[in-house]
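Chemist: Before anything else, here's the structure in question.
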Amino acid sequence: MATDEHPTTIAIFVYGTLKTGFPNYHVLSDFITAGDISLLSPSATTATPYPLVVGPPAVPVPFLLPLPSAAGSHLVSGELVSVSPRALSALDSFEGVPHGHYERRPVVVKTAGEGAKELEAQAYFAHRSFAEEMWRRSGEKGFAEYTRDMALHYVKPQDRPHHITTLAQSLKHFKRQ
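Residue numbers (the UniProt record's numbering): 1 to 177.
Below you can see the structure in the form of structure tokens.
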């Protein structure tokens, strides 16, 4: 999954708050300045439909669910970036991979525009321990795109209700018992 231009980098499909101009883009911007992240395509979609949901209610965060071609899913739009190993480690930490919030999984994406092509990449999917329950509670209705209007409801960690100190606390009611 290394990119053609940089064999040690990984192509990452971003579909939510990390997109350009969205609430957590600042996480990428320092790495872009340092040359650890570069934009491969400003417009890409998953080659297979996936459910994209926003939840849970107390902390509305976008989640791509690892349920390919589930009824009610869509080809999901986003951006494709090339990420160095150093930036990848930081993104894994930011996305809560060690805590079971997200898991980085392979995904095939199609770039748009001139020179469009299908590429193997990775994306941060909701952790499998709560993905199916999150899909069920969303009414099995997903979105094709995380929009700026949706991002208006995003709650930054420092602004979350005092009883919800981590995303993990908010997600616990989705986990299988």
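Virtual Cβ for every residue (Gly too), placed ideally from N, Cα, C.
Helix or strand or just coil, what does DSSP make of F31?
Modeler: Three-state result, F31: helix.
Chemist: I need the boundaries of the alpha helix (DSSP H) containing S129, first residue and last residue.
Modeler: That run of the alpha helix (DSSP H) goes R128 to R137.
Chemist: I need the straight-line Cα distance from E103 to G21, nearest angstrom please.
Modeler: Spanning the two alpha carbons is a distance of roughly 24 angstroms.
Chemist: Which whole-angstrom value is the C-beta distance of A126 and L64, which I expect to be below 8 angstroms?
Modeler: About 7 angstroms; that satisfies the 8 angstroms criterion.
Chemist: Can you tell which of T46, V53, R160 and A90 has the C-alpha that lies nearest to the C-alpha of A116?
Modeler: The shortest C-alpha separation from A116 is found at T46.
Chemist: Please specify which runs of the alpha helix (DSSP H), each continuous and at least 4 residues long, are wholly inside the stretch 13-96, giving them in chain order.
Modeler: Fully enclosed alpha helix (DSSP H) runs of 4 or longer: 25-33 and 85-94.
Chemist: Should E95 go down as buried or exposed, given a rule of 16 or more other Cβ atoms within 10 Å for buried?
Modeler: Under this definition E95 is a buried residue.
Chemist: Quick check: A11 and S77, are their CB atoms within less than 7 angstroms of each other?
Modeler: No, Cβ-Cβ distance for A11 and S77 is not below 7 angstroms.
Chemist: List the endpoints of the continuous alpha helix (DSSP H) containing R148.
Modeler: Per DSSP, R148 belongs to the alpha helix (DSSP H) from R148 to A151.
Chemist: Between V59 and V155, is the Cβ-Cβ spacing less than 7 angstroms?
Modeler: The answer is yes: Cβ separation under 7 angstroms.
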